[in-house]
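Worksheet: one structure, shown below.
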Amino acid sequence: MSNIFPSQHPLVAHKLTRLRDKNTQPKKFRELTREIAALLTYEATADLEITPRNVETPLTKTSGFELKENIGLVPILRAGLGMVEGVWGLMPSAEVWHIGLYRDEETLQPVEYYNKLPVAPTVSVCLVLDPMLATGGSAVATVDVVKRWGVDRIKFIAMIASPEGIAAMQEAHPDVPIHLAKIDEKLNEIGYILPGLGDAGDRQFGTA
Ligand code: PRP
Ligand code: URA
Numbered sequence: 000m001s002n003i004f005p006s007q008h009p010l011v012a013h014k015l016t017r018l019r020d021k022n023t024q025p026k027k028f029r030e031l032t033r034e035i036a037a038l039l040t041y042e043a044t045a046d047l048e049i050t051p052r053n054v055e056t057p058l059t060k061t062s063g064f065e066l067k068e069n070i071g072l073v074p075i076l077r078a079g080l081g082m083v084e085g086v087w088g089l090m091p092s093a094e095v096w097h098i099g100l101y102r103d104e105e106t107l108q109p110v111e112y113y114n115k116l117p118v119a120p121t122v123s124v125c126l127v128l129d130p131m132l133a134t135g136g137s138a139v140a141t142v143d144v145v146k147r148w149g150v151d152r153i154k155f156i157a158m159i160a161s162p163e164g165i166a167a168m169q170e171a172h173p174d175v176p177i178h179l180a181k182i183d184e185k186l187n188e189i190g191y192i193l194p195g196l197g198d199a200g201d202r203q204f205g206t207a
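What the sequence shown shows, in numbering that gives the first Met the number 0, is residues 0 to 207, in sequence order.
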């Protein structure tokens, strides 16, 4: 599990508990999703490369740094969308490339319905965003797409994962670190994470 990073941050624990609460309404749910995404991204990006850059303050010249790499955010539609604003707040020049997948309710297999990636990659690092890593099917399929695009530095950022989803990602993509708020107990018989938070897309968009 050396590539799995559950956050130890008290703010994340506090906000995740409010996110789980069945009484949390969509407006607050979206706000918490943005905030947790930003906190997890802060932790996930600690190894980004920087390059020296000089800067002039109002008083003098000094040396500093700027990010070296082009970063792409890859939200998995729909629920990953709610994480974008939080991450973008930290990295406003990141490109956003959407991937549309939904889980077939019977088979739990991911079905791809949107992908407009250009032929050649335009970024060198991708942060794949999805609040829920359940069976892992959607995450594995999206990382497959990003790797086929030609990006090999990928990080997966989620709110909650099941042990089954983590195992699926480690089997298919052991090179991809997973940053998350919490690893939960298990999946239920219809593929939902327990204790989880329910359906992350429905709770954000008010479509339950
Ligand atoms: C949810 C979630 C993930 C997926 C996780 O999306 O946002 O993308 O399920 O499940 P998995 O790990 O078993 O693949 P969903 O398919 O409900 O689509 P939606 O966001 O459009 O509602
Ligand atoms: N997708 C969700 O939104 N929630 C789960 O618990 C599993 C898949």
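Ideal placement from N, C-alpha and C gives every residue a C-beta, glycine not left out.
Pair within 7 Å by beta-carbon distance, residue i and residue j
{"i": "T32", "j": "G81", "result": "yes"}
{"i": "S161", "j": "L186", "result": "yes"}
{"i": "K67", "j": "I49", "result": "yes"}
{"i": "M168", "j": "A140", "result": "no"}
{"i": "A43", "j": "K154", "result": "yes"}
{"i": "R147", "j": "V124", "result": "no"}
{"i": "A133", "j": "G200", "result": "no"}
{"i": "G88", "j": "A37", "result": "yes"}
{"i": "V142", "j": "V175", "result": "yes"}
{"i": "P25", "j": "G205", "result": "yes"}
Option in the options with minimal Cα separation from residue i
{"i": "G149", "options": "I177, A78 and G71", "result": "G71"}
{"i": "A12", "options": "A166, L39 and P176", "result": "L39"}
{"i": "Y101", "options": "P120, R77, E94 and V83", "result": "R77"}
{"i": "D183", "options": "L15, S62 and Y112", "result": "L15"}
{"i": "P74", "options": "L128, Q108 and E30", "result": "L128"}
{"i": "L193", "options": "P173, M131 and E30", "result": "M131"}
{"i": "V54", "options": "E65, P109 and H172", "result": "E65"}
{"i": "L9", "options": "K21, I35 and A157", "result": "Residue identity differs from the one stated: residue 9 is Pro in this sequence, not Leu. Out of K21, I35 and A157, I35 has the C-alpha closest to the C-alpha of P9."}
{"i": "W96", "options": "A207, M158, Y113 and Q24", "result": "Y113"}
{"i": "E84", "options": "H172, K21, N69 and E30", "result": "E30"}
{"i": "Q218", "options": "T23, S62 and S1", "result": "Here the chain comprises residues numbered 0 to 207, so residue 218 is not present and cannot be evaluated."}
{"i": "N69", "options": "P120, S6, E170 and A207", "result": "P120"}
Cβ-Cβ separation, residue j to residue i (assumed contact under 8 Å), whole Å
{"i": "F4", "j": "I177", "result": "7 Å"}
{"i": "E163", "j": "G135", "result": "7 Å"}
{"i": "V122", "j": "E94", "result": "6 Å"}
{"i": "L18", "j": "L196", "result": "6 Å"}
| query | Whose beta carbon lies closer than 7 Å to any heavy atom of the ligand PRP, going through the chain in order? | reply | I75, L76, R77, A78, G79, L100, Y101, R102, L107, P109, D129, P130, M131, L132, A133, T134, G135, G136, S137, A138, G164, G190, D198, A199, G200 and D201
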